[in-house]
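Below is one structure, written out as C-alpha cells; the observations come after it.
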Amino acid sequence: MVKEKTLKPSKELPLGFVDRKEKELLIRDFVISNIKEVMIKYGFQYLETPSFEYTDSIGKFLPDKDRPGEGVFSFKDENKWLSLRYDLTAPLARYVAKNYLEIPKPFKRYQLGTVWRNEKPGPGRYREFLQFDADYVGTKNLQADAELCVLISEILEKCGLDKADYIVKISSRKFTDKLFEQLKITSQDQISTTLRALDKTDRLGWEEVKKLLGEGRKDKSGDYTKGANLKNDQIKIIEDALKNKTPNSEDVEEIIKIFQAYNFKNYQFDPSVIRGLEYYTGPIFEVNLNFEVKNLKGKTIQFGSIGGGGRYDNLINNFGNLDCPATGISIGLDRFVFALMQKKDFKIKSTRPVIICVFDKNKIKEYIEILSNLRNSNISSEIYPGEGKLKKQMEYANKIGSPAVILYGDDEIKSGKVTLKNLETGNESSIKIEDLANEIRKLL
RNA sequence: GCAGCUGUAGCUCAGUUGGUUAGAGCACUAGUUUGUGGAACUAGGGGUCGGUGGUUCGAGCCCACCCAGCUGUACCA
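Each residue of the first sequence is one higher than the one before, starting from 180 at the first, in my numbering.
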C-alpha cells in the first residue's frame, strides 16, 4: 500500500499578520484607557462601525472604482463587493452621510478599531492593526484642527511620554498649492510626483529627494525611480521654501495662534509633511516619536510617525450633495505600543497568578479553601492546573512568571501554617492561612 | 510591481573542492533530587536540508524553473 502524504495544516501565519502576547496587550489596554479618558474629557462620542463595508462606500474616492482597489481585502457577496475597512475615516464619512440629518453638527466622534491593509508589510508594519481615530465633522473652524493636536499630545503624555519624546508636525495643503502656483506647475502628474518626493524628506533626506524632483533616483538595491523632471531653478525655489520655516499659509498661522492660547508648544511647522495626495484639503499633521526604538533584531531604527491626519473638506461630499467639512487624526496603536514598550523606565504591571501546589489530590477541599480566600482578596491565584510532581509544578510557576508558590503538604497541615515561597528571591516563610493574602500582597 | 539577498530541527545558525547513518547552541522530555523553579551534569526525542526537475556512480552543496521569506524601493485612502 502506498503511504499517503498526510496533509498537515500550516502553522505559519499569513504574511503580515501576527500573534500578540500579553505584555503588548496590557500596554495596549493601558493606552486605550488613557485615550478613552481624554476623549471623554474633550467631549467626543464613542462610535463603532462594522469591519466590513460595501467596497464602493469606502472606496469611491479610489482611482479605480470598478474593482476593489489593490490594498483592501475584499470578497463578493451576493454580487456586491465587500471590503474590510482600511481605516476609520472612510467608514466615518459613510456613517455621517447615512445619518446626516440626525447627527449633531458639528459632530465629534472617536473610534478604536482594527483595520486591514492588503499590501506589502514592512518592519513594524502589519496588514492588520489597531487604529485610533478622532474627528470633527461639520465645521470649518480651525479650532477643531488645533484641538486634535492638543488632544493627541495629552494622550501621549498620559501614556508616559515626555515633551522631548514626541513632536506634532503641522503643515497645510495650502502651502504646497501656493508653491505650485509660484512654480507654474499645472500638470497633475508632476504635482503628484513632487508631493510624493517631498513626503520622503524625512526618510531619505533632502539630497535624495532632490534627485526624485529632478530626473530620478537609484536606490540601494539598484532599483530606479523616475523623478518629477523639475528644472533646477524650480528645485531651488522648493528648497528655499522648505528652508523657510515660517508658515506662509493662513490656516497654519491661525492654528498656531490657537496653540499659543492652549499654551501648547510641542509642535513644529514642517512643510515636508504631505500625507497622501487627494484626500486632504487644508491643514495636515503628523505625530513623530523622538526616542530610540529598536527593531526585532535589536537594530536601532528610524521609527517615524505613529499617526497623523488633517482636514478633508470634500470627502463626505462624495456620498451626495453634502457640504460637510471635516478634520481628523489617527494613531496606529500597535506601532505606538511597540515603541512604548521600549521606552526607558516604562513598566507595566503584569498579573501572573500565585500557584497553590498540589501534593495530594484528596486534599482538594483544603486547596480550594486557600484559593477562595485569595481570590476573595482579589489576588490572582490558581491551583496547579496540570498533573505532575512538585518539581514540575515549580517549573510551571517559574515559566509563567508567577510571583510565588504556596506549599501545603503534610508538614504544613501538621503545623497549621502554609509555606509561601517567593519565586524571585527563593525565600520561604511559614505563614498562617489567615495572613496569607496580606503577605502575598507585600510581594506584588 | 521592481531589485538585491536568504531558505538546513520549534528558534538561531554551522555544514570543507559534491563522498557512508546531516551537526551545534537554545528550547523540549526524562533522570541526578519520591517536598522545590531559575544553575550544573547525564541521557533522549525531534529533519522529505523550501519544492520540482536535471547533471552525476553519488547532491544539503552544481544547473534550471517554481515557491516562500527578508531588506530596499514603488504604490498607499
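Backbone N, C-alpha and C define an ideal beta-carbon position, used for all residues, glycine too.
- For Leu468, the enclosing beta strand (DSSP E) covers residues Pro462 to Leu468.
- The beta-carbon distance between Ile463 and Arg352, rounded to whole angstroms, is 6 Å. This is short enough to meet the 8 Å contact definition.
- For Ala583, the enclosing beta strand (DSSP E) begins and ends at Ala583 to Leu586.
- By alpha-carbon distance to Ala272, the top candidate from Asn552, Arg490 and Pro300 is Arg490.
- Straight through space, the alpha carbons of Lys478 and Arg554 are spaced by roughly 43 Å.
- Counting only runs that start and end inside the region 555–623, the alpha helix (DSSP H) elements of at least 4 residues fall at 569–579, 589–594 and 615–622.
- Phe354: member of the alpha helix (DSSP H) spanning Arg352 to Leu362, first to last residue.
- Between Leu327 and Gly292, the C-beta gap is not smaller than 7 Å, which leaves the two residues out of contact.
- Taking C-beta separations shorter than 7 Å and ignoring five residues to either side along the sequence, the partners of Leu622 in its chain run Pro582, Ala583 and Asn601, following chain order.
- If you check the CB distance, Tyr289 and Met218 come in under 7 Å.
- Cβ-Cβ distances below 6 Å link Phe443 to Val329 in the same chain, with the five nearest sequence neighbours on each side left out; the list follows chain order.
- Along the length of the region 482–533, whole beta strand (DSSP E) runs at least 3 residues long occupy 484–490 and 505–511, reported in chain order.
- Leu615 and Asn552 do touch by the CB rule: their CB atoms are close to 7 Å apart, below 8 Å.
- Within a 10 Å sphere around the beta-carbon of Lys476 sit fewer than 16 other beta-carbons, which makes this residue exposed.
- According to the DSSP assignment, Val294 belongs to the beta strand (DSSP E) that extends over Phe286 to Trp295.
- Counting only runs that start and end inside the region 421–452, the beta strand (DSSP E) elements of at least 3 residues fall at 446–448.
- Under DSSP, Thr373 shares a beta bridge with no residue.
- Glu432 is the residue among Glu432, Gln572, Arg304 and Gly567 whose C-alpha sits nearest the C-alpha of Leu321.
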